[in-house]
Structures are given as structure tokens and as C-alpha cells.
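In what follows, a single structure is set out as C-alpha cells and then discussed.
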Amino acid sequence: MKKGKWTFLTNHGRVLIYIAKHPQSTTQKTAEKMGVTLRTVQKIISDLEIDGYLARQKNGRKNTYLINNKMPLRHRLEQDHVVGDILDALGTEKPFKRLRQSE
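For the sequence shown, the working numbering gives the first residue as 2, with consecutive numbering after it.
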């Protein structure tokens with residue numbers, strides 16, 4: 002039986018998980034690891050920042066990304082779960098950089 006090429010996670014989910022594991026990774030490195038273009042990763046990070054899932058913290062010329070693990074998942078069938086649930090379920094090493102509520 003031939004298997005399809007679909008996956009369970011979207012690129013947005015993969016970028017968030019990668020950042021949780023590697024909060025100081027460059028966008029170029031993230032793109033290389035994911036097998037997508039730099040522009041794709043930049044757009045995804047922008048989407049995640051605009052919607053409050055990520056915050057960028059400048060450290061000189063580098064960025065560290067903070068994750069708001071209390072944000073609900075976006076689909077109406079999953080809104081009773083938060084991003085932190087996914088990160089925990091997928092074995093993201095703790096502690097990942099979490100966005101404090103005051104930020």
C-alpha cells in the first residue's frame with residue numbers, strides 16, 4: 002500500500018516546536034532543519050508573533066524567541082487546549098523559553 006506524503010503537523014506547528022527546542026536558532030538554521038525556505042520561516046515567525054504565540058527578544062544582533070505557552074490552539078475543535086500542551090506532549094525539553102504573562 003502506497004503511503005501519502007501528508008503530515009500531522011503544519012509548518013507553523015513545526016517552527017514553534019523547533020523554536021521551543023532551540024530558542025536561539027537563526028531563521029536560516031530553522032529553515033535548513035525544516036527543509037523550507039528562509040522566507041517561509043520568516044513569514045511563519047511573523048504570523049506567530051502577530052497572533053501572540055511568540056515574542057522576539059533582541060540580544061545584540063541575535064534574537065531569542067519566547068513562547069506564550071498559554072495561548073489556545075486555533076481550530077475551534079482544539080481551543081480547549083493550549084500550545085504548552087502540544088509542546089509537553091511532543092517531549093519538548095523543559096524549560097523552554099516561555100513568555101511571561103506581563104510581557
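Each residue gets a CB set at the ideal place from its N, CA and C atoms; glycine is no exception.
Counting only runs of 3+ residues, the beta strand (DSSP E) found wholly inside the stretch 11 to 67 occupies 55 to 60, in chain order. For M72, the CB contacts under 7 Å within the same chain, skipping 5 residues up- and downstream, are G53, Y54, V83 and V84 in chain order. Take T27, set aside five residues on each side of it, and no residue of its chain has a beta-carbon closer than 6 Å to its own. L17 is positioned such that its CB atom lies closer than 8 Å to that of L49. Looking at the backbone, the Cα of T93 and that of T41 are separated by about 23 Å. If you ignore the 5 residues before and after A32, its C-beta comes within less than 8 Å of the C-beta of T38, L39, T41 and V42, all in its own chain and listed in chain order. Beta-carbon to beta-carbon, I20 and I68 are separated by about 7 Å, close enough to satisfy the 8 Å threshold. Setting aside the 5 residues that flank it on each side, T65 is surrounded in the same chain by P24, Q25 and Q58, each with a C-beta closer than 6 Å to its C-beta; the list follows chain order.
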